[in-house]
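**Student:** I have a structure I would like to understand better, so I am pasting it below and will then ask my questions one at a time.
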Amino acid sequence: MAIIEEEFTDDRVIGELIEALGEDCVMVGAAVRERSAGVWRSDTVQAKALLRPRTTEQVSRALEICSANRQSVVAHGGLTGLVGSAITSPGDVALSLERMNSIEEINSLDRTMVVQSGVILQTIQEAADDQGLMFPLDLGGRGSCTIGGNISTNAGGNRVLRYGMTRDMVLGLEAVLADGTVISSMNQMIKNNAGYDLKQLFIGTEGSLGIVTRAVLRLREKPESQATLFVAIDEFKKLALFLKHMDVSLGGTLSAFEVMWNNFYRLVTTEPAQGKPPISQEYPYYVLVEAMGSDASAVEAALADAYESELIADAVVTQSEAQRLQLWALRDDVEQAFRYAPLFTFDVSLRISCMEAYLDEVNERLSAHYAEFQNFIFGHMGDGNLHLVVSVGQGGDEDRERVETCVYEPLAAIAGSVSAEHGVGTEKKPYLGISRSADEIQLMRKLKAALDPNGILNPGKIFDLEEST
Ligand code: ZN
4 MAIIEEEFTD DRVIGELIEA LGEDCVMVGA AVRERSAGVW RSDTVQAKAL LRPRTTEQVS
64 RALEICSANR QSVVAHGGLT GLVGSAITSP GDVALSLERM NSIEEINSLD RTMVVQSGVI
124 LQTIQEAADD QGLMFPLDLG GRGSCTIGGN ISTNAGGNRV LRYGMTRDMV LGLEAVLADG
184 TVISSMNQMI KNNAGYDLKQ LFIGTEGSLG IVTRAVLRLR EKPESQATLF VAIDEFKKLA
244 LFLKHMDVSL GGTLSAFEVM WNNFYRLVTT EPAQGKPPIS QEYPYYVLVE AMGSDASAVE
304 AALADAYESE LIADAVVTQS EAQRLQLWAL RDDVEQAFRY APLFTFDVSL RISCMEAYLD
364 EVNERLSAHY AEFQNFIFGH MGDGNLHLVV SVGQGGDEDR ERVETCVYEP LAAIAGSVSA
424 EHGVGTEKKP YLGISRSADE IQLMRKLKAA LDPNGILNPG KIFDLEEST
């Protein structure tokens with residue numbers, strides 16, 4: 004082991020990094036290889052070093068050194084990503100923001116919070132809540148994911164319908180460019196049209212244009228009430244009409260519209276799953292609806308109207324927080340699908356008007372290849388975002404490619420997206436061309452070349468620097 008350690012510290016870049024940041028900030032050898040490569044993964048980090056800077060200045064110094072040595076760098080947040088965006092190779096340097104985890108300021112009058120990028124999302128939610136405010140971003144990984152990771156992937160989640168994606172909740176940020184330049188764009192205002200909105204260069208770009216070190220977040224007033232209901236619907240067309248009906252009736256308070264297809268609902272409400280069906284399992288569609296800031300009477304009136312016009316077949320309105328959590332637990336119990344592993348998971352985006360025909364086509368294509376398969380469907384339908392979890396009984400590369408083609412190809416004709424909220428990373432890189440034109444990808448390359456001329460930041464993710472021939 005000692006030999007390996009020596010081999011690593013002999014590396015010139017590592018030597019320079021240790022000299023600049025101190026040994027305490029530069030992890031090498033077995034210590035790196037013992038760290039998990041991701042919350043959902045079973046492998047460990049493969050990298051020549053893992054940096055754990057404490058300040059923006061240290062991030063800047065580290066990137067300056069890596070840039071001069073043409074050393075690749077991959078930023079690490081909470082490692083909850085689903086597309087391989089933070090995966091490293093043995094020749095990479097990983098840079099974890101885990102020590103930059105302070106909330107620097109909360110201003111309840113301006114409704115802003117200044118954070119370092121290693122703060123866990125749930126910590127931010129709780130800190131806002133303590134002030135009677137809310138940071139609306141919410142997703143399953145809340146207890147592990149960091150705001151820096153949320154920003155770099157433009158995370159979506161459960162309340163996009165009302166509050167938008169991460170992009171809509173970041174007022175300003177600080178990022179370090181590949182050459183070590185610190186771009187401080189810590190805007191505190193909702194409106195600022197003084198030139199280019201530079202923060203957008205670093206939101207949703209998966210650490211490929213710079214490393215986010217701090218951010219100014221936009222907080223909202225915490226809604227005083229919250230109504231949650233669960234309904235069954237017997238036709239796809241009525242799903243879309245029910246969404247419109249609730250949006251109109253609830254005066255802008257609709258915050259979640261989560262649909263489960265029958266097979267997903269059965270999966271999470273049948274043993275060995277812990278969940279019990281709140282409504283019988285016979286309907287094709289189920290919707291979890293949440294309205295933040297709406298009182299129960301408005302919701303009940305809207306539901307009564309929906310019944311009368313036969314939009315919905317059955318419904319339950321939650322009476323307690325415990326019931327509310329039970330419904331969300333059904334929606335979040337994706338793990339039940341692991342019984343059918345290996346799995347292929349997707350987060351596609353498409354117009355609601357195209358959904359029914361699209362899903363028919365995906366299933367038709369799958370059935371042309373596989374006599375038996377499972378395609379569990381659920382998602383944030385209010386945002387046009389569906390999650391598909393496909394099992395075909397085997398999980399080799401050939402099957403992966405075949406299943407991916409079945410799911411992604413039909414998106415081209417309807418101008419859908421291969422990634423609604425998870426990003427591209429390495430997983431969706433081969434399919435980027437389905438959702439982005441050649442000119443768009445070429446412009447992405449130009450931006451990359453301008454900001455990171457040596458191509459050291461998260462190389463090989465999203466797209467290749469050279470157009471393949
Ligand atoms: Zn989602």
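In our numbering, the protein residues as written are 4 to 472.
Note that beta-carbon positions come from the ideal geometry of N, C-alpha and C, so glycine has one too.
With a 10 Å radius around its C-beta and 16 neighbouring C-beta atoms as the bar for buried, classify Thr47 as buried or exposed.
**Tutor:** With fewer than 16 other Cβ atoms within 10 Å, it is exposed.
**Student:** Report yes if the CB atom of Ala1 is closer than 8 Å to the CB atom of Ser155, and no otherwise.
**Tutor:** Look at the range of the chain in this structure, 4 to 472, and you will see that residue 1 is not part of it.
**Student:** Provide the residue span of the beta strand (DSSP E) that contains Gln229, from first to last.
**Tutor:** Element bounds for Gln229: Gln229 to Ile236.
**Student:** Say yes only if the C-beta of His79 is nearer than 7 Å to one or more non-hydrogen atoms of the ligand ZN, and no if none qualify.
**Tutor:** Checking every heavy atom of the ligand ZN against the Cβ of His79, none is found closer than 7 Å.
**Student:** Looking only at its chain, what residues have a beta carbon closer than 7 Å to the beta carbon of Ala307, apart from the 5 residues adjacent to it on each side?
**Tutor:** Nothing meets the Cβ criterion.
**Student:** What's the C-alpha gap between Glu364 and Gly396?
**Tutor:** Cα to Cα, Glu364 sits roughly 20 Å from Gly396.
**Student:** In the DSSP assignment, the beta strand (DSSP E) including His79 goes from what residue to what residue?
**Tutor:** Here the beta strand (DSSP E) through His79 covers Val76 to His79.
**Student:** Using 8 Å as the cut-off, can you tell me whether the segment 366-373 makes contact with the segment 405-420, which would need three or more C-beta pairs spanning the two stretches below that distance?
**Tutor:** With a cut-off of 8 Å, the segment 405-420 and the segment 366-373 count as touching, because enough Cβ pairs lie within range.
**Student:** Using CA atoms only, rank isn't needed, just tell me which of Leu244, Lys432 and Ser394 is closest to Ala374.
**Tutor:** Out of Leu244, Lys432 and Ser394, Ser394 has the C-alpha closest to the C-alpha of Ala374.
**Student:** Secondary structure at Val48, three-state DSSP: helix, strand or coil?
**Tutor:** Correct three-state label for Val48: coil.
**Student:** Suppose you measure from the CA of Asp386 to the CA of Ser211; what does that come to, to the nearest Å?
**Tutor:** If you take the alpha carbons of Asp386 and Ser211, they lie about 26 Å apart.
**Student:** Beta-carbon within less than 7 Å of Leu328's beta-carbon, same chain only, minus the 5 sequence neighbours each way: which residues are those?
**Tutor:** Excluding residues within five positions, none has a Cβ falling inside 7 Å.
**Student:** What does DSSP give as the partner residues of Ile380 in its beta bridges?
**Tutor:** Partner(s): Leu391.
**Student:** Look at Arg145 and Gln119 and say whether their C-beta atoms are less than 8 Å apart.
**Tutor:** No, the pair does not count as a contact, with Cβ atoms beyond the cut-off.
**Student:** Is Asp336 near the ligand ZN - that is, is its Cβ less than 7 Å away from at least one heavy atom of it?
**Tutor:** No, the Cβ of Asp336 stays beyond 7 Å of every heavy atom of the ligand ZN.
**Student:** If you compare alpha carbons, which of Ala441, Ile68 and Ala243 is closest to Val76?
**Tutor:** Cα-wise, what sits closest to Val76 is Ile68.
**Student:** Pick from Val337, Pro413 and Asp350: whose alpha carbon is nearest that of Asn266?
**Tutor:** Ranking the options by Cα distance to Asn266, first place goes to Val337.
**Student:** Taking Tyr199 as part of the beta strand (DSSP E), name the residues at either end of that continuous run.
**Tutor:** First-last for Tyr199: undefined, no H or E at that position.
**Student:** Report yes or no: do the segment 55-63 and the segment 99-115 share at least 3 C-beta pairs separated by less than 8 Å?
**Tutor:** Enough Cβ pairs lie closer than 8 Å, so yes.
**Student:** Does Gln277 pass the burial test, meaning 16 or more other C-beta atoms within 10 Å, or should it be called exposed?
**Tutor:** Looking at its Cβ environment, which holds fewer than 16 other Cβ atoms inside 10 Å, Gln277 is exposed.
**Student:** Would Gly419 pass as a contact of Ser352 if the rule is Cβ separation under 8 Å?
**Tutor:** In contact: Gly419 and Ser352 (Cβ atoms closer than 8 Å).
**Student:** Using a 10 Å radius around the Cβ and a threshold of 16 neighbouring Cβ atoms, would you call Phe341 buried or exposed?
**Tutor:** Counting Cβ neighbours within 10 Å, Phe341 comes out exposed, since fewer than 16 surround it.
**Student:** Around the ligand ZN, what residues have a beta-carbon under 7 Å from a heavy atom of it, in chain order?
**Tutor:** With the cut-off at 7 Å, the residues found are Leu142, Gly159, Gly160, Asp350, Gly382, His383, Asn388, His390 and Glu424.
**Student:** What are the boundary residues of the alpha helix (DSSP H) that includes Ser2?
**Tutor:** Absent from the model: residue 2. The displayed extent of the chain is 4 to 472, so no value can be given.
**Student:** According to DSSP, is Leu85 part of a helix, a strand, or is it coil?
**Tutor:** Here Leu85 sits in coil by DSSP.
**Student:** Let me confirm a value: Glu9 is counted as buried when at least 16 other C-beta atoms fall within 10 Å, else exposed. Which label applies?
**Tutor:** Unreliable positioning characterises Glu9 in this predicted model, as indicated by a pLDDT of 45, which lies under 50. A coordinate reading is not provided.
**Student:** Just list the alpha helix (DSSP H) runs in the segment 10-46, keeping only unbroken ones of 4 residues or longer that don't cross its boundaries, in chain order.
**Tutor:** Counting only runs of 4 or more, we get 15-24 and 33-36.
**Student:** In the DSSP assignment, find the unbroken beta strand (DSSP E) run with Ser99 in it and report its ends.
**Tutor:** Ser99 -> beta strand (DSSP E) spans Val96 to Ser99.
**Student:** To the nearest angstrom, how far is the alpha carbon of Phe238 from that of Ile315?
**Tutor:** The amino acid at residue 238 is misidentified as Phe; the sequence shows Glu. So the alpha carbons of these two residues sit roughly 9 Å apart.
**Student:** Can you check whether the CB of Ser228 is closer than 8 Å to the CB of Ser297?
**Tutor:** Cβ atoms of Ser297 and Ser228: closer than 8 Å.
**Student:** Going by DSSP in three states, Glu285 sits in which element: helix, strand or coil?
**Tutor:** Coil.
**Student:** DSSP three-state call for Phe239: helix, strand or coil?
**Tutor:** DSSP places Phe239 in helix when its eight states are reduced to three.
**Student:** Does the CB of Met116 have a neighbour CB from chain D at under 8 Å?
**Tutor:** You won't find chain D in this structure, because it holds only one protein chain.
**Student:** What are the partner residues of Val117, as DSSP defines its beta bridges?
**Tutor:** Val117 is bridged to Glu108 and Val219.
**Student:** For Arg334, collect the residues of the same chain with a Cβ closer than 6 Å to its Cβ; drop the 5 residues on either side in sequence, then sort them by chain order.
**Tutor:** The answer, listed in chain order, is Glu261 and Leu291.
**Student:** If you draw a straight line from the C-alpha of Phe349 to the C-alpha of Leu53, how long is it?
**Tutor:** Roughly 30 Å separates the two Cα atoms.
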